[in-house]
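What follows is a short report on a single structure.
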Amino acid sequence: MVAVYVDRGYRTGLGTAFYDRLVELERLDKLVFSHRTVIVYGPRGVGKSELVRYWLRGLQERGRIAAVYVDARRLRGQHLVRALETRGLLVDKKNLAERLLEVLKDLDDRSTGLLQLTYHAIDVLIDVIREYASTRIILFIDEFHLLPRYMHKSDPASKYLDALDDLEALAGLLAKDPHYSNITIVLTVSEGFTATDLVLSKLHGYSTAWMLVEHLDVDHFRALYKEYVSLKSCGVDVDEVLGLVGGTPGYLPELCMLDRNTVVEERVPMWIAEVETGLSRARNVLSAEIFRRELEPREVIRLAYELINNDIAPLREPHLHALGQILTTYNIVYPVYPRGRDGIRYKPQYPVYRTVIELGYREGVETLLDLDPHRVYQEAVAKLHGHKP
Numbered sequence: 182m183v184a185v186y187v188d189r190g191y192r193t194g195l196g197t198a199f200y201d202r203l204v205e206l207e208r209l210d211k212l213v214f215s216h217r218t219v220i221v222y223g224p225r226g227v228g229k230s231e232l233v234r235y236w237l238r239g240l241q242e243r244g245r246i247a248a249v250y251v252d253a254r255r256l257r258g259q260h261l262v263r264a265l266e267t268r269g270l271l272v273d274k275k276n277l278a279e280r281l282l283e284v285l286k287d288l289d290d291r292s293t294g295l296l297q298l299t300y301h302a303i304d305v306l307i308d309v310i311r312e313y314a315s316t317r318i319i320l321f322i323d324e325f326h327l328l329p330r331y332m333h334k335s336d337p338a339s340k341y342l343d344a345l346d347d348l349e350a351l352a353g354l355l356a357k358d359p360h361y362s363n364i365t366i367v368l369t370v371s372e373g374f375t376a377t378d379l380v381l382s383k384l385h386g387y388s389t390a391w392m393l394v395e396h397l398d399v400d401h402f403r404a405l406y407k408e409y410v411s412l413k414s415c416g417v418d419v420d421e422v423l424g425l426v427g428g429t430p431g432y433l434p435e436l437c438m439l440d441r442n443t444v445v446e447e448r449v450p451m452w453i454a455e456v457e458t459g460l461s462r463a464r465n466v467l468s469a470e471i472f473r474r475e476l477e478p479r480e481v482i483r484l485a486y487e488l489i490n491n492d493i494a495p496l497r498e499p500h501l502h503a504l505g506q507i508l509t510t511y512n513i514v515y516p517v518y519p520r521g522r523d524g525i526r527y528k529p530q531y532p533v534y535r536t537v538i539e540l541g542y543r544e545g546v547e548t549l550l551d552l553d554p555h556r557v558y559q560e561a562v563a564k565l566h567g568h569k570p
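FYI, the numbering for the sequence shown is 182 to 570, going by the working numbering.
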């Protein structure tokens with residue numbers, strides 16, 4: 182068992198203390214002060230937003246830093262500005278907050294994207310902070326892909342492309358224009374498209390860094406779970422949560438409202454359907470663009486099995502890399518880019534996704550929808566302890 186780090190002086194959105202993430206906090210600190218744009222990505226529910234909010238809290242120990250937090254999910258009224266740290270600056274914080282609220286509320290909802298939001302926020306900051314030239318300004322936009330400009334798009338592809346166009350323009354501006362040399366944008370995103378080759382290539386050379394946040398380790402998650410259930414109770418035990426969705430604190434409010442039977446009969450089939458949808462989309466693309474023939478569903482399941490169990494060398498295994506990129510876009514896997522390794526490791530977003538793919542491969546099903554949810558549940562939970570049911 183590892184030593185558990187916990188900060189009980191801080192309350193997360195779940196109502197618990199802050200657990201773990203010392204390595205991520207140190208890395209985020211280095212990236213923010215060495216890059217103009219930082220993208221924090223990873224599986225849904227692992228605590229990316231909470232990590233950055235906790236890091237922002239530490240800024241009050243420093244001087245000459247102004248940090249503003251905007252929640253893109255709640256771009257309305259009093260929720261526009263959630264956090265403001267301006268320690269050591271000659272600035273009226275109340276005035277700054279009011280000015281930001283006034284400007285942002287006047288933006289047309291349907292046109293408010295990353296560029297519009299950032300330009301207006303920076304203009305206000307520059308105008309209000311009298312020591313602007315010597316001040317590091319950090320604008321943190323939480324879940325930027327949920328800004329109104331993108332959410333009003335009916336076609337997911339258009340939504341992502343518009344968000345990418347805005348992101349590329351913003352990153353280029355911050356990297357090239359000396360007027361913005363002391364400004365860093367920190368973005369959190371739960372959509373896999375931001376970690377694909379397309380986005381990496383678009384932002385190459387623009388002082389952009391990516392930071393992956395993965396699941397909490399088992400010991401820290403068990404401690405967090407114990408505190409959470411002491412506050413709100415839970416219908417599923419910690420081994421079930423870990424076996425199905427891993428160390429994802431953000432999943433606790435949803436799962437804890439359910440009992441075991443509901444999880445098995447309703448939630449597990451949804452997870453199976455999510456993986457099946459991703460593989461179905463991948464099959465269409467691979468058939469048309471890579472293999473130039475109609476792939477059998479079993480072939481795609483086999484390829485997915487190979488993908489999640491091996492490091493992938495994009496040049497030697499372009500078909501597997503293409504599959505990984507597609508499944509990343511559909512939030513079935515996420516890429517871990519090499520540090521001292523030759524290949525990319527594509528990890529399932531949740532342990533239950535791994536179980537679905539591996540069980541589908543072993544049983545040779547035509548479609549993952551043929552899998553028995555009870556069997557998926559049993560195997561997912563059993564894997565946590567290193568044995569099969």
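Glycine is no exception: its CB is placed at the ideal position from the N, C-alpha and C atoms.
Being a predicted model, the structure only gives us computed values, none of them experimental.
Collapsed DSSP secondary structure at Pro-519 in the structure displayed: coil
Residue interval of the beta strand (DSSP E) (run including Val-251): 246-252
Leu-508 beta carbon less than 7 Å from that of Leu-171: The requested residue 171 does not occur in the structure, where the chain is confined to residues 182 to 570.
Of the residues Tyr-186, Gly-431, Leu-240, the one placed nearest Gly-196, counting alpha carbons only: Gly-431
Candidates Glu-547, Ser-411, Arg-217, Leu-232, of which the one nearest Thr-429 by Cα: Leu-232
Alpha carbon of Asp-420 to alpha carbon of Val-562, nearest angstrom: 7 Å
Nearest-angstrom beta carbon gap, Val-394 and Glu-205 [assumed within contact, 8 Å]: 6 Å
Rounded straight-line distance, which links the Cα of Gly-223 to that of Thr-193: 18 Å
When Ile-319, Phe-325, Leu-384 are compared against Ile-366, the one with the closest alpha-carbon: Ile-319
Whether Val-422 touches Leu-436 by CB criterion (7 Å): yes
Stretch pair the segment 348-367 + the segment 487-504: three plus CB contacts closer than 8 Å: no
Pairwise C-alpha distance: Thr-218 and Gly-386: 11 Å
Contacting residues, own chain, Cβ-Cβ under 7 Å from Arg-189 (five flanking each side not counted): Ala-198
CB of Gly-416 within 7 Å of CB of Asp-347, strictly: no
Assigned exposure category for Val-444 - 16 Cβ within 10 Å defines buried: buried
Inter-residue spacing [alpha-carbon to alpha-carbon] between Leu-425 and Ile-489: 16 Å
For Ala-390, the three-state DSSP class (helix, strand or coil): strand
Within 7 Å, strictly: CB atoms of Val-185 and Asp-418: no
Nonlocal neighbours in the same chain, by C-beta distance under 8 Å from Ser-414, ignoring five residues either side: Cys-437
Nearest residue (CA-CA) to Tyr-200, options Ala-404, Asp-551, Met-451: Ala-404
Continuous alpha helix (DSSP H) stretch holding Val-143: start and end: Shown here, the chain extends from 182 to 570; a query on residue 143 therefore has no answer.
DSSP three-state assignment for Val-466, whether helix, strand or coil: helix
Other residues of its chain near Leu-397: CB distance less than 6 Å, five sequence neighbours each side excluded: Asp-201, Gly-428
Residue span of the alpha helix (DSSP H) that contains Pro-499, given as start and end: 499-510
CA nearest to the CA of Glu-279, picked from Leu-306, Leu-298, Ala-253: Leu-306
Bridge partners - Leu-552, DSSP secondary structure assignment: The partner list for Leu-552 (beta bridge, DSSP) is empty, contrary to what the question assumes.
Whole-angstrom distance between Pro-529 and Val-514, CA atom to CA atom: 4 Å
Alpha-carbon to alpha-carbon, Leu-381 and Ala-352: 12 Å
Separation of Leu-565 from Arg-556, as counted between CA atoms: 15 Å
Proximity test, Cβ basis, 7 Å: Val-514 and chain C: The structure shown contains no chain C, having only a single protein chain.
Whole-number beta carbon distance between Ala-253 and Asp-323, since they are thought to touch under 8 Å: 6 Å
For Thr-458 and Arg-473, the rounded distance between their alpha carbons: 21 Å
Delimiting residues of the alpha helix (DSSP H) encompassing Val-426: 419-426
Thr-267 to Ala-356 span [Cα, whole Å]: With a pLDDT of 47 at Thr-267, under the threshold of 50, the predicted position of this residue should be treated as unreliable, and no value is reported.
Within 7 Å, strictly: CB atoms of Gly-373 and Thr-510: yes
DSSP beta-bridge partners of Phe-321: Tyr-250, Val-367
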